[in-house]
Amino acid sequence: MNESFHVTLIFAAYKDMGSAKYVLFTVVFLIYLASLLVSISILILIYLDISLHKPMFIFLFLLIVNGLIGSTAVWPQVMLLLLTEVNTTSYEGCLFQFFLVGSYGGCNYTVLTAMAYDRFVSIFQPLQYHTIMTPQKVKQLSFAAYFVPAAFLLGQVCLTTQISLCQYTIHKIFCDNFSIFSLSCADNISHVSNVYGIFLLISFGVLPVFLVFLSYLKIVLVTLNASRNERKKAIETCTPHLIIFINFSLVTFFAIIYNRVSDYLPGGVNVFMSINYVLIPPLMHPVIYGLKSKEIQQSRSKIWRKAIFAVSESVPRIDKSSKVIT
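Numbers 1 to 326, taken from the UniProt record's numbering, label the letters of the sequence shown in order.
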């Protein structure tokens, strides 16, 4: 067994925060709490309303759950470390966190690609949509979008366990692949691990971006010659997904660039990039769909009306015609 499994890793980023850690805790706590409340409310809405049991909202359900997994893999631990003097973690715990954060990023892209495919079919083949996007097809896409990235990330974790550590100090506020590899001995990183990492980046980063870009390029070219109503419908259908995709792609791009130059940047940038990658997107996804999607808005209004009606029915009514006998 690799002796690195028995070591304790130190998060150096927490040592230099001083009183700023309490400000950071407040910010993280409020955003994380808002993310939980908004995400769970949308999940319950999709679960309860049968009219939302459509491929687009099933994929949205998966996207929101994935966001909760990613944010919960990081921020409860971060908040605990901010409030205590303990700033260490086990190597096994670090690997597990790396697996969850890596799977979060990969699954985000694969689910967003499945959503783009769904929008593509709905616009280009509306008459055959229900024939193509069958429940069985949706289940297959959902399974592939969720478990294929996780399975390949598990392979990366297994390769990472083969390296030996020469350092034990992490200069980030949570564990990821770059932070673990920065601890390894320079001559100990295998060529296979590097090639596998590039394969993962292309398969679950570059390829999804290319496929989504290609689908939207075709959608734009078709809608240019469509009627005004058809263009409006296409814009309303695709806008929430496109906003989420562009936002996450930009966040991921800057996160990759940051990992290459993090040693030359101040600690505040580290905190900002961490929040921007694993905390903001899980909040933005349900909020954007809640604001932009007419179906979500209509479903929310319907649920509220039912709740208000149920409450009003449960309140006892006073019969004004009855008389008090003395």
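Ideal Cβ placement from N, Cα and C applies to all residues, glycine included. All figures in this text were calculated on a predicted structure; none of them were measured in a lab.
C-alpha gap between residue i and residue j, whole angstroms
| i | j | result |
| --- | --- | --- |
| Ala151 | Val27 | 33 Å |
| Phe25 | Phe174 | 14 Å |
| Gln297 | Thr160 | 45 Å |
| Glu236 | Gly93 | 43 Å |
| Tyr289 | Ala114 | 16 Å |
| Phe272 | Leu100 | 20 Å |
| Gln125 | Phe210 | 21 Å |
| Ile42 | Asp49 | 11 Å |
| Ser249 | Ser179 | 21 Å |
| Asn225 | Pro76 | 50 Å |
| Pro282 | Pro149 | 18 Å |
| Ile275 | Met133 | 36 Å |
| Met79 | Lys218 | 45 Å |
| Val192 | Gln162 | 11 Å |
| Gln97 | Gly197 | 17 Å |
| Leu82 | Thr72 | 15 Å |
| Met1 | Ser164 | Here Met1 scores only 48 on pLDDT, less than 50, and its place in the model should not be relied on; the value that follows carries that caveat. Cα to Cα, Met1 sits roughly 11 Å from Ser164. |
| Tyr104 | Cys158 | 18 Å |
| Leu153 | Tyr168 | 23 Å |
| Ile202 | Ile303 | 42 Å |
| Ile325 | Ala310 | With a pLDDT of 49 at Ile325, under the threshold of 50, the modelled position of this residue cannot be trusted; read the value that follows with caution. Distance between the alpha carbons of Ile325 and Ala310 is about 33 Å. |
| Lys232 | Phe199 | 39 Å |
| Thr252 | Ile31 | 19 Å |
| residue 329 | Ile280 | Because the chain is modelled from 1 through 326, residue 329 falls outside the range shown and cannot be assessed. |
| Met184 | Ile69 | For clarity, residue 184 is Ser in the given sequence; the question names Met instead. Their Cα atoms are separated by approximately 27 Å. |
| Val206 | Tyr22 | 38 Å |
Exposure label - residue i; buried when at least 16 CB within 10 Å
| i | result |
| --- | --- |
| Pro286 | buried |
| Asp176 | buried |
| Asn66 | buried |
| Ser227 | exposed |
| Ile58 | buried |
| Val278 | buried |
| Cys107 | buried |
| Phe147 | exposed |
| Gln156 | buried |
| Tyr47 | exposed |
| Ala307 | exposed |
| Ser299 | buried |
| Val38 | buried |
| His6 | exposed |
| Val86 | exposed |
| Gly102 | buried |
| His241 | buried |
| Cys166 | exposed |
Nearest-angstrom beta carbon gap, residue j and residue i [assumed within contact, 8 Å]
| i | j | result |
| --- | --- | --- |
| Leu62 | Ser142 | 6 Å |
| Ala13 | Asn270 | 6 Å |
| Asp118 | Pro55 | 5 Å |
| Leu9 | Thr110 | Rounded, the Cβ-Cβ distance is 30 Å, inconsistent with contact. |
| Pro208 | Leu112 | 7 Å |
| Phe11 | Ile170 | 5 Å |
| Val212 | Ala116 | 4 Å |
For residue i, three-class secondary structure by DSSP
| i | result |
| --- | --- |
| residue 331 | Outside the displayed span of the chain (1 to 326) sits residue 331, for which this structure offers no information. |
| Ser103 | helix |
| Leu165 | strand |
| Ile170 | strand |
| Met133 | coil |
| Ala234 | helix |
| Asp118 | helix |
| His191 | helix |
| Gly67 | helix |
| Gln128 | coil |
| Met17 | coil |
| Ala94 | Contrary to the premise, residue 94 reads as Cys rather than Ala in this sequence. Residue state, collapsed to three classes: helix. |
| Leu52 | helix |
| Ser179 | helix |
| Ala226 | coil |
| Ser203 | helix |
| Leu83 | helix |
| Ser39 | helix |
| Leu279 | coil |
| Ser301 | helix |
Those residues which DSSP pairs with residue i across a bridge
| i | result |
| --- | --- |
| Thr72 | The partner list for Thr72 (beta bridge, DSSP) is empty, contrary to what the question assumes. |
| Thr88 | Ile10 |
| Ser184 | Leu165 |
Closer than 8 Å to chain B by CB, residue i
| i | result |
| --- | --- |
| Pro149 | The chain inventory of the structure shown lacks chain B, comprising one protein chain alone. |
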